[in-house]
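Protein chains: 2
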Amino acid sequence: MEHARITSLQVAEKAGVSQSAVSRVFTPGASASAKTIAKVRKAAEELGYRPNRVARTMITGKSRIIGLVVAYLENQFYPQALEHLSNALQAKGYHVLVFTATNSPEKVEEVMRDLLDFQVDGIITASVAVTSDLTVRCNAAGIPVVMFNRGQDGADVNAVTSDNVNGGRKVAEFLLKCGHTHIAHISGWEGSSTGRDRRQGFVEGLETHGYRPLQIIDGMYNRDTAAQATHDLMTAPTPPDAIFVGNDHMAFAVMDTLRYGLGLKIPQDVAIVGFDDVPLAAWPSYDLTTVRQPLNRMVEATVEMMIAQIDEGVVAPRRVAFDGPLIRRSSTRQAKGHKT
Amino acid sequence: MEHARITSLQVAEKAGVSQSAVSRVFTPGASASAKTIAKVRKAAEELGYRPNRVARTMITGKSRIIGLVVAYLENQFYPQALEHLSNALQAKGYHVLVFTATNSPEKVEEVMRDLLDFQVDGIITASVAVTSDLTVRCNAAGIPVVMFNRGQDGADVNAVTSDNVNGGRKVAEFLLKCGHTHIAHISGWEGSSTGRDRRQGFVEGLETHGYRPLQIIDGMYNRDTAAQATHDLMTAPTPPDAIFVGNDHMAFAVMDTLRYGLGLKIPQDVAIVGFDDVPLAAWPSYDLTTVRQPLNRMVEATVEMMIAQIDEGVVAPRRVAFDGPLIRRSSTRQAKGHKT
DNA sequence: AACCGCTTTGCATACGAATGCAAGTAAATC
DNA sequence: GATTTACTTGCATTCGTATGCAAAGCGGTT
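Sequence order for the protein chains is F and G. Here numbering that gives the first Met the number 0 is used: the first residue of the first sequence is 0, the next is one more, and so on. Here numbering that gives the first Met the number 0 is used: the first residue of the second sequence is 0, the next is one more, and so on.
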């Protein structure tokens, strides 16, 4: 009992017009008389006709599909981003084809090839490093690429991030204002622009006031690595009295290690600051002071850049960085002279 | 400098064969001589040819795209499922087109229509209720539907879940064994099969031993609702000494409310059991006793069912439920007579 | 050499909608 | 009413690949 698909031709016959007429009724911008439109709409309605997107894609070359490459979804920031991106794109008539890719260049390479096969109209990479060679090839193929939450040095790529350097600086200044002097940093993966930028801003922020980080350890955006780093920091001869952690995801592991592994109090023994402000950060168990990434604005900008490029062709790449506020919660002490 | 796509015709010319020959080389199961294959492969390699999936889809009617309908990604269980499903399908040459849908029937309806437009080969719904009317239409259109982590009463649908009834029963027995007598249940949404089944198993489990639940409140799979319910339960004249919460996501809110809102100790004042065993449940801050949903097996079964249906046509619907173990952690007391 | 069976190959067509072109029609202008 | 102008419409073609069909090739057998 296969319910065969209705084609534009069948609608045309029923409406007593040509197939072209039907097509034009369903093609925004094409011209058709009010009478024709009415006839076609009626026939289409009765038959339950819906234009075939695949056939449409063949002709126009536009699939209205955006490829989204994402590394892993354990860090709550990514599901959140995925959900928002998907919704925002859906609202514009686009849909999201998800690809997971580890951060190995070969894997990314393979994924990108797949993506091109699908005739995606654009590619969004969420925190996945892409070789500039690859983006060049995509641009050559006329496929816009926007990197979400990851930049790329010296390459011509569209990138939307928060202002990570400034965020790092804010953390440094805030912790100094709280009276901390021994501040360590468990950084985001040094292979990522976000990790490097946050670190850089943080170090600059301390230096501006004549301080230096007690120690910096690469946490690799990994819970286990961060936990180990915490352990190492706290058992060293001079333990820190505050730790800036490269993202919330690691910060939670750090807090767990401090509390349940080392029996320390937050913020009395050590203050913790994270980065991202994922929903979990606001839950009472963690109540983590953190730099908020303005997800909504980042998503908006990403979608807007993407669609502009699709509609108007690949243009000069832009980089946008949104400033995000520091959200003070109870994982840090009250700043001096700061009122409740 | 648009890098035009290479077509099979160009490869054919370069290799000195017909377009059909090229097609056959790239179509598994088609016949071609070793010599032809070699010539075509070489030419294709040199030109960088890759078959156009869209054109392929037009002819074969197979897109090798699976639509995944998901409600929300805040509950960590879903990103996890999404990631695993996507990987498993990718390994089989399929890709995932993500749709978000709230649980309103109209929205789901609209999403499903969109999905059909994309010629998806199959649809997986993750914890989204689908009217049986809709699944019937999909089957009529020859599109298999598999419901992941949600069943449907009296309808002919493929469904993969864990054994929720049995899971609920296990929780009841475990809590009784721990010596609890006043056991409340903040249930999963009563509009979902998972919520109902867990509740049913739980009640049955208590009744088998001559007990009844102290109270049952629908937590709607929502943190705020669960928090409010916790408050109501604990401030009632007879508060519970244990609460079974319909999923981990709500259980975290319950624990936060108990500890930080009401100043109670877990498990001394109240024991908590969840359902799912998301990664967060194992983090020391929660360390939640919970029923594990065997995600890997569920994903495997889902993918296997899906692909079987795609390859062999829509067959008699199956329902699979995997038993999951109760994972004992510190949110509950030691069971009587149970050794460390 | 003739015959059979099996594999390989090219030709032509189909999938379903969009669109350039030319013909047709209605409205607007003088 | 003639002519210009703007808008509609249908015809035919196109996108890139898969596939039924018939012709051709090949290997072996008698």
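Glycine included, C-beta positions come from ideal geometry on N, C-alpha and C.
Cβ neighbour criterion (16 or more within 10 Å) applied to S284 (chain G): buried
A226 (chain G) to T256 (chain G) span [Cα, whole Å]: 6 Å
Chain-order list of residues whose beta-carbon lies under 6 Å from that of S329 (chain F) (same chain, five-residue window excluded): D286
Contact check, F76 (chain G) vs V298 (chain G), beta carbons under 7 Å: no
Sequence-distant residues of the same chain with beta carbon closer than 8 Å to K41 (chain F), five excluded per side: A14
Expected contact under 8 Å - CB spacing of G167 (chain G) and A158 (chain G) to nearest Å: Actually they do not touch by this definition, with Cβ atoms about 17 Å apart.
Residue(s) in a DSSP beta bridge with N157 (chain F): F:V145
DSSP three-state assignment for L67 (chain G), whether helix, strand or coil: strand
Chain G contacts made by the segment 68-94 of chain F, where a contact means CB separation under 8 Å: Y71, L72, E73, Q75, Y77, P78, Q79, L81, E82, S85, N86, Q89, H94
Any C-beta of chain F under 7 Å from that of Y220 (chain G): no
Q214 (chain F), enclosing beta strand (DSSP E) - first and last residue: 214-217
Where Y259 (chain F) falls, given that 16 or more other Cβ within 10 Å makes a residue buried: exposed
Cβ-based neighbour list, V269 (chain F), same chain, cut-off 7 Å, excluding 5 preceding and 5 following: P239, D240, A241, I242, L257, L263
Chain-ordered neighbours of P104 (chain G) on chain F, where CB pairs are closer than 8 Å: Going along chain F, no residue has its Cβ under 8 Å from P104 (chain G), so there is no contact; the nearest lies around 18 Å.
Rounded straight-line distance, which links the Cα of E44 (chain F) to that of I36 (chain F): 12 Å
Classification of D120 (chain G) by the beta-carbon crowding that lies within 10 angstroms, buried from 16 upward: buried
Which listed residue (F:A300, F:Q79, F:A70, F:V129) has its alpha carbon closest to that of T101 (chain F): F:A70
Contacts around M0 (chain G), its chain only, beta-carbon distance under 6 Å, and the 5 residues preceding and following it disregarded: Caution is warranted here: a pLDDT of 34 is assigned to M0 (chain G), below 50, making its placement in the model unreliable, and no coordinate value can be reported.
Closer than 7 Å to chain G by CB, D255 (chain F): yes
CA nearest to the CA of S186 (chain G), picked from G:F201, G:A33, G:D310: G:F201
Own chain residues within Cβ distance below 7 Å of K338 (chain F), not counting five before or after: Only weak support exists for where K338 (chain F) lies, its pLDDT of 47 falling under 50; the coordinates are left without a value.
Option in G:I64, G:A31, G:V39 with minimal Cα separation from I306 (chain G): G:I64
Distance, F117 (chain G) Cα to S161 (chain F) Cα: 34 Å
Any chain G beta carbon closer than 7 Å to S329 (chain F): no
Residues sharing a beta bridge with G121 (chain G), DSSP: G:I65
A54 (chain F): CB within 6 Å of a non-hydrogen atom of the ligand NAP: The model on display carries no ligand, and the ligand NAP is accordingly not part of it.
Within-7 Å CB hit, W188 (chain G) to chain F: no
Cβ shell of H248 (chain G) (< 6 Å), same chain only, five flanking positions each side left out: N74
H208 (chain F), DSSP secondary structure in three states: coil
Exposure label - P266 (chain G); buried when at least 16 CB within 10 Å: buried
Expected contact under 8 Å - CB spacing of V164 (chain G) and V272 (chain G) to nearest Å: Contact doesn't hold; Cβ gap of about 16 Å is too wide.
Beta-bridge partners of I242 (chain G), as assigned by DSSP: G:A183, G:I271
Residue span of the alpha helix (DSSP H) that contains T26 (chain G), given as start and end: It is not in any alpha helix (DSSP H) - T26 (chain G) carries neither H nor E in the DSSP assignment.
Cβ contact check for the segment 78-98 of chain F and the segment 48-55 of chain F: 3 or more pairs under 8 Å: no
Alpha carbon of G204 (chain F) to alpha carbon of E172 (chain F), nearest angstrom: 6 Å
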